[in-house]
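S.K.: Just so we're on the same page, the working numbering is the position in the sequence shown counted from 1, plus 831. Even glycine gets a Cβ: it sits at the ideal position worked out from N, Cα and C. Mind having a look at this structure? Questions to follow.
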Amino acid sequence: MTNAVTVYVPRDSAARAVGADEVAAALQAECARRGLALDLVRNSSRGLFWLETLVEVRTPRGRIAYGLVAPEDVPALLDAGLLEGGAHPLCHGPVEQIPYLARQQRLTFARMGVTDPVSLADYEAHEGFAGLRAAVALAPEAIAQAVFDSGLRGRGGAAFPTGIKWKTVASAEADQKYVVCNADEGDSGTYSDRMTMEGDPYMLIEGMTIAALAVGATRGYVYIRSEYPDAVATMGEAVRRATAAGFLGDDVLASGRAFHLEVRKAAGAYVCGEETAMLESLEGKRGVVRAKPPLPAIEGLFGKPTVINNVISFASVPLILARGAAFYRDFGMGRSRGTLPIQLAGNVKYGGLVEMAFGVTLRELLYDFGGGSASGRPIKAVQVGGPLGAYLPESQWDLPLDYEAYAAVGAVVGHGGIVVHDDTADLAQLARYAMEFCAIESCGKCTPCRIGSTRGVEVIDRIVAPPNPRYNRPQQVQLLRDLCDTMLHGSLCAMGGMTPYPVLSALDHYPQDFGLATPDRRAA
Ligand SMILES: Cc1cc2nc3c(=O)[nH]c(=O)nc-3n(C[C@H](O)[C@H](O)[C@H](O)COP(=O)(O)O)c2cc1C
Ligand code: SF4
């Protein structure tokens, strides 16, 4: 279309949930009615969810952003010269100068919002497949070494060095090896995996293909959370297109090496995100956790050596191969290298995705990006790292985001999900919820988790109940601590093993919510 103005409206499901499809339809209808030539591109979301629906218009001054656009705003926006980037109360100027975006360090999410997610041409025009092209020219050991040298650690939760995992699979002898992407993303307040699959699916395909070349795998699966129908559809479409174009299939980039990738819809249980339960589920069985050893790297899917990584771990790899390990490693602090796409959620004014190098503090995230609570009330507690992560009180908000610094205070970075609670939150009820969640989601294989979580709910109920001569509150608190100790050390996997994190952090930092007058610490 000549002289058509390019306008971008996100196709991300978070944008669609607040009316992006209706905004796109209104734009098309109103432009047609006025005889204006429009080239509508459904791009990925920038991750500034507080501004969705975020409409961008390509102009000689760059892309101009209009935020919180509703379908009924479209006529007035066109009257104000939307197609030329004209002034309007909803206009935020050049999108890349919006402080929320300008302050970020976007490496993995650099293309997010910029491209049409399923366009291979758009992907390649923005550094896409540069990492795979570099990898094809390298020996398999050199690929795994580059990932090791980058310092990348697993973004799914356990922060295990990705390069070591790949080297283990590479050195295992087998007639068949697999690469599996864990896209079950069940943590509260997280959406970076979903955004990647819906918004930049070739980045994940590229990362998984690089892994396959490094370890000698010829088949791969993306295990996607069943509640993510858009991600399932977009990934499926991207796999088909990438296969047809020779980036996947029998002869990846004419390298003589094969990699076949398939999308699988997950079983709809939180525990199926635990890697061995995920393997069981992929094999068509009930999602029950396997005992380790053997490690999946040695005996994984169908008993064969398997690389299992989170979406963001794989998505971080193309850039490492394209720009070199040192480029990535230069971001971050200590043993936490690179960047993390942090997800702000819960009671926060400006919820959205913030990619920053490790070292950023929670206070910066909560206030410089998040703008404080959405309710306007003081923030009381922040849960970091999903439903099994600790609650951090204000005294810990200046800690740098770093795996070791968090571990030192009994917290976890996990998948980078941050859920904010204001001063109306009752931390005893949130602790109870953690135990209840574990009781509901437990796979039932081991006793500390299966039985302990149910007993945990009962003990917390007794602690917070009105005084009762049958129960001595300090004794019940001790019982809860002993139970947490058993779950921490006796559970087969992190489901039961980490449920004590939210419970103990709530008890330690918010004793008043449990009806305890003074901090009740084990060390005291
Ligand atoms: C109960 C439970 C749920 C989990 N859910 C996920 C998940 O949804 N996505 C994920 O990547 N890892 C999840 N994990 C962690 C995985 O077991 C595993 O460590 C991870 O997929 C490895 O990839 P990474 O090294 O790239 O992080 C979960 C772990 C547990 C115990
Ligand atoms: S800790 Fe819970 S989820 Fe994990 S194996 Fe034991 S029962 Fe299953």
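Just the C-alpha distance for L1303 and P1297, rounded to the nearest angstrom, thanks.
M.R.: For the purposes of this step, residue 1303 is taken as residue 472 along the sequence shown, with counting starting at 1. For the purposes of this step, residue 1297 is taken as residue 466 along the sequence shown, with counting starting at 1. Just to set this straight, residue 1303 is Asn in the shown sequence, not Leu. Cα to Cα, N1303 sits roughly 11 angstroms from P1297.
S.K.: Looking at the structure shown, is P1149 part of a helix, part of a strand, or coil, going by DSSP?
M.R.: Taking the sequence shown and counting its residues from 1, one reaches residue 1149 at position 318. If DSSP states are grouped into helix, strand and coil, P1149 belongs with the helices.
S.K.: Suppose contacts are defined by Cβ-Cβ distances below 8 angstroms. Is L914 in contact with L885 by that definition?
M.R.: Your numbering for residue 914 matches position 83 in the sequence shown. Your numbering for residue 885 matches position 54 in the sequence shown. Not closer than 8 angstroms, so no.
S.K.: Between the alpha carbons of G893 and C922, how many angstroms are there, rounded?
M.R.: Position 62 of the sequence shown, counted from the first residue, corresponds to residue 893. Position 91 of the sequence shown, counted from the first residue, corresponds to residue 922. Those two C-alpha atoms are separated by around 14 angstroms.
S.K.: Along the chain, where does the beta strand (DSSP E) that runs through E887 open and close?
M.R.: Taking the first residue of the sequence shown as 1, we reach residue 887 at position 56. Unbroken beta strand (DSSP E) run through E887: 886-890.
S.K.: Could you tell me if the beta carbon of S1112 falls within a distance shorter than 7 angstroms of some heavy atom in ligand 2?
M.R.: Locating residue 1112 in the sequence shown gives position 281, counting from the first residue. Checking every heavy atom of ligand 2 against the Cβ of S1112, none is found closer than 7 angstroms.
S.K.: Do you know how far the Cα of V1053 is from the Cα of A1098?
M.R.: Here residue 1098 corresponds to residue number 267 of the sequence shown, with the count starting at 1. Here residue 1053 corresponds to residue number 222 of the sequence shown, with the count starting at 1. The straight-line gap from Cα to Cα measures roughly 13 angstroms.
S.K.: Kindly indicate the opening and closing residues of the alpha helix (DSSP H) around R1286.
M.R.: By 1-based counting over the sequence shown, the position of residue 1286 is 455. First-last of the alpha helix (DSSP H) with R1286: 1283-1295.
S.K.: From F960 to A1337, what distance separates their C-alpha atoms?
M.R.: Translated into the one-based positions of the sequence shown, residue 960 becomes position 129. Translated into the one-based positions of the sequence shown, residue 1337 becomes position 506. C-alpha separation (whole angstroms): 45 angstroms.
S.K.: At which residues does the alpha helix (DSSP H) containing R847 begin and terminate?
M.R.: On the sequence shown, position 16 is the one that residue 847 refers to. Per DSSP, R847 belongs to the alpha helix (DSSP H) from 844-848.
S.K.: Can you give me the start and stop residues for the beta strand (DSSP E) that A896 sits inside?
M.R.: For the purposes of this step, residue 896 is taken as the residue at position 65 of the sequence shown. It spans 893-897 - the beta strand (DSSP E) in which A896 sits, taken as one unbroken run.
S.K.: Work out the CA separation of A1062 and M1318 for me, nearest whole Å.
M.R.: Translated into positions along the sequence shown, residue 1318 becomes position 487. Translated into positions along the sequence shown, residue 1062 becomes position 231. The alpha-carbon atoms of M1318 and A1062 are separated by roughly 35 angstroms.
S.K.: In three-state terms, what does DSSP make of R1050?
M.R.: Numbered from 1 along the sequence shown, position 219 holds the residue referred to as residue 1050. Three-state DSSP puts R1050 in a strand.
S.K.: Taking only three categories from DSSP, how would you classify R1301?
M.R.: Indexing the sequence shown from 1 puts residue 1301 at position 470. Annotated three-state conformation of R1301 is coil, per DSSP.
S.K.: Run the CB neighbour count on V1240, radius 10 Å, all protein chains shown included, and call it buried at 16 or more, exposed below.
M.R.: By 1-based counting over the sequence shown, the position of residue 1240 is 409. So V1240 ends up on the exposed side.
S.K.: Tell me the residue span of the beta strand (DSSP E) that contains G924.
M.R.: Position 93 of the sequence shown, counting from 1, holds the residue named residue 924. Note, G924: beta strand (DSSP E), 922-925.
S.K.: Is any non-hydrogen atom of ligand 1 found closer than 7 angstroms to the C-beta of C1324, if you look at the structure I gave you?
M.R.: Your numbering for residue 1324 matches position 493 in the sequence shown. Yes; taking the cut-off as 7 angstroms, the Cβ of C1324 has a heavy atom of ligand 1 nearer than that.
S.K.: Going by DSSP in three states, Q1007 sits in which element: helix, strand or coil?
M.R.: One-based indexing of the sequence shown puts residue 1007 at position 176. Coil, per DSSP.
S.K.: Could you please give me the residues that DSSP links to Y1222 through a beta bridge?
M.R.: What you label residue 1222 is simply residue 391 of the sequence shown in a count that begins at 1. DSSP lists Q1214 as partners of Y1222.
S.K.: Report the three-state DSSP secondary structure of V1142 (helix, strand or coil).
M.R.: Position 311 of the sequence shown, counting from 1, holds the residue named residue 1142. Note: V1142 maps to helix in three-state DSSP.
S.K.: If you count every other CB in all the chains shown that lies within 10 Å of the CB of F1133, and 16 or more means buried, which is it?
M.R.: For the purposes of this step, residue 1133 is identified with residue 302 of the sequence shown, where counting begins at 1. The residue is exposed, with fewer than 16 neighbouring Cβ atoms inside 10 Å.
S.K.: Would you decide whether E1114 is buried or exposed? Buried here means 16 or more other CB atoms lie within 10 Å of its CB.
M.R.: Mapped onto the sequence shown, residue 1114 falls at position 283. By the neighbour-count rule (16 or more Cβ atoms within 10 Å), E1114 is not buried but exposed.
S.K.: Tell whether a beta-carbon distance below 8 angstroms holds between P1125 and L1044.
M.R.: Numbered from its first residue, the sequence shown carries residue 1125 at position 294. Numbered from its first residue, the sequence shown carries residue 1044 at position 213. No, Cβ-Cβ distance for P1125 and L1044 is not below 8 angstroms.
S.K.: Measure the alpha-carbon distance for L1274 versus G1220 and round it to whole angstroms.
M.R.: Here the question's residue 1274 lines up with position 443 in the sequence shown. Here the question's residue 1220 lines up with position 389 in the sequence shown. It is Cys, not Leu, that sits at residue 1274 in the sequence shown. C1274 and G1220: Cα-Cα distance of roughly 19 angstroms.
S.K.: By the 10 Å Cβ neighbour count, where 16 or more other Cβ atoms means buried, how is T1255 classified, buried or exposed?
M.R.: Walking along the sequence shown from the start, residue 1255 turns up at place 424. With fewer than 16 Cβ atoms within 10 Å of its Cβ, T1255 is classed as exposed.
S.K.: Could you pull out every unbroken beta strand (DSSP E) segment of at least 3 residues lying fully inside the segment 1056-1114, listed in chain order?
M.R.: 1091-1096
S.K.: Do you know how far the Cα of V905 is from the Cα of V1011?
M.R.: Within the sequence shown, residue 1011 is the residue found at index 180, counting from 1. Within the sequence shown, residue 905 is the residue found at index 74, counting from 1. Taking the straight line from one Cα to the other gives about 44 angstroms.
S.K.: Quick one, which of I974, D1015, C1315 has its alpha-carbon nearest A1001's?
M.R.: Residue mapping note: residue 1001 aligns to position 170 of the sequence shown, counting from 1. Among I974, D1015, C1315, the Cα nearest to that of A1001 belongs to I974.
S.K.: Measuring only the C-alpha atoms, how far is E1105 from L1092?
M.R.: As a working mapping, residue 1105 is identified with position 274 in the sequence shown. As a working mapping, residue 1092 is identified with position 261 in the sequence shown. Take the alpha-carbon of E1105 and the one of L1092: they are about 21 angstroms apart.
S.K.: Nearer than 7 angstroms: is that true of the beta carbon of C1277 relative to any heavy atom of ligand 2?
M.R.: Numbered from 1 along the sequence shown, position 446 holds the residue referred to as residue 1277. C1277 Cβ: within cutoff of ligand 2.
S.K.: Would you report the Cα separation of E1037 and V1102, rounded to the nearest angstrom?
M.R.: Here residue 1037 is taken as the residue at index 206 of the sequence shown, counted from 1. Here residue 1102 is taken as the residue at index 271 of the sequence shown, counted from 1. So the two alpha carbons sit approximately 27 angstroms from each other.
S.K.: If distances are taken between C-alpha atoms only, which option among G1321, S1144, D1161, R1312 comes closest to A990?
M.R.: One-based indexing of the sequence shown puts residue 990 at position 159. With distances taken between Cα atoms, A990 lies closest to S1144.
S.K.: Can you give the Cα-Cα distance for V854 and A835, rounded to whole angstroms?
M.R.: The residue you call residue 854 lines up with position 23 of the sequence shown. The residue you call residue 835 lines up with position 4 of the sequence shown. Distance from the CA atom of V854 to the CA atom of A835, rounded to whole angstroms, is 18 angstroms.
S.K.: Hey, how far is the Cα of L951 from the Cα of G1165?
M.R.: For the purposes of this step, residue 951 is identified with residue 120 of the sequence shown, where counting begins at 1. For the purposes of this step, residue 1165 is identified with residue 334 of the sequence shown, where counting begins at 1. Spanning the two alpha carbons is a distance of roughly 37 angstroms.
S.K.: Under three-state DSSP, which class holds C1324?
M.R.: Locating residue 1324 in the sequence shown gives position 493, counting from the first residue. Correct three-state label for C1324: coil.
S.K.: Using alpha carbons as the reference points, say which of E1225, Q1227, W1228, G1245 lies closest to Y1234.
M.R.: Counting from 1 along the sequence shown, the entry for residue 1234 is found at position 403. Considering only alpha carbons, the answer is G1245.
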